[in-house]
Amino acid sequence: MPPSPIRQIAFFVPDAWAAAHAHHAAHGSGPFLLAENIPLAQATYRGQPAHLDHSSAYGQWGDVMVEFVQQNNPGPSVFHDLYPEGSGRFGPHHTAIFVDDADAAADQWAAAGYPSAFRGVMEDGFVYHFADTTALCGMMTELYAATDQLRSFYDHVAAIAGDFAGHPVVRTIKL
65 MPPSPIRQIA FFVPDAWAAA HAHHAAHGSG PFLLAENIPL AQATYRGQPA HLDHSSAYGQ
125 WGDVMVEFVQ QNNPGPSVFH DLYPEGSGRF GPHHTAIFVD DADAAADQWA AAGYPSAFRG
185 VMEDGFVYHF ADTTALCGMM TELYAATDQL RSFYDHVAAI AGDFAGHPVV RTIKL
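Each number in our numbering corresponds to the 1-based position in the sequence shown with 64 added.
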């Protein structure tokens, strides 16, 4: 697997909006773009069809994007693998890296002993995986192709970093 810098660190939280506000108050991060009930065209959890309703707040924290993700529906998931439902536990969940092809990279990571715990397909066809790297580093690794649209989103989050003039800490967006 080629070396890949971490592009994002993500935390599983009970409330993405509240976590973004708390992180901003503690670290000055943001502003955050909150996508609620992110629509997926397809979801596969541990090789089986699944349903995942989640919301995420994305902001800049120094040189890296930070994400706060909450699961809105009950049941097994890649998030509950690390933080069991009803446990009241939350914390670091994954780092994200850019790859050339998410499916090919997931196959490569699986061959190295880190199978895909989750494959998601957005409504626009964008594919991402969570490689189960918990034995390696205690969290998942998100793999997604660095499309022009994804790079543009990352660039936008970085460009608005620190721009709170007349804007709230958390701004709602649609994905």
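Beta carbons: idealized from backbone N, C-alpha and C, even for Gly.
Nearest to Thr236 by C-alpha distance, out of Pro69, Ala74, His193, Trp81, is Trp81. For the set Lys238, Val221, Gly139, Asp79, the Cα lying nearest the Cα of Gly150 is the one of Gly139. In the displayed model, Ala105 falls within a strand according to three-state DSSP. Residue state for Ala74 is assigned as strand, using DSSP reduced to three classes. For the pair of segments examined, the stretch 155-162 was found not to touch the stretch 118-126: the number of CB pairs separated by less than 8 Å stays below three.
The three-state reading of DSSP puts Thr236 in strand, counting E and B together. If you draw a straight line from the Cα of Asp219 to the Cα of Pro148, it is about 33 Å long. Sixteen is the threshold: since fewer than 16 other Cβ atoms of the shown chains lie within 10 Å of the Cβ of Arg215, the residue is exposed. Under the DSSP assignment, Thr159 falls in the beta strand (DSSP E) whose first and last residues are 155-163. Straight-line measurement puts the Cα of Leu97 at about 16 Å from the Cα of Ala89. If only complete runs of 3 or more residues are kept, the stretch 195-236 shows the beta strand (DSSP E) at 204-209, in order along the chain. Cβ atoms of Thr198 and Leu146 come within 8 Å of each other, at about 7 Å. In the three-state reduction of the DSSP assignment, Ala121 falls in the strand class, which pools E and B.
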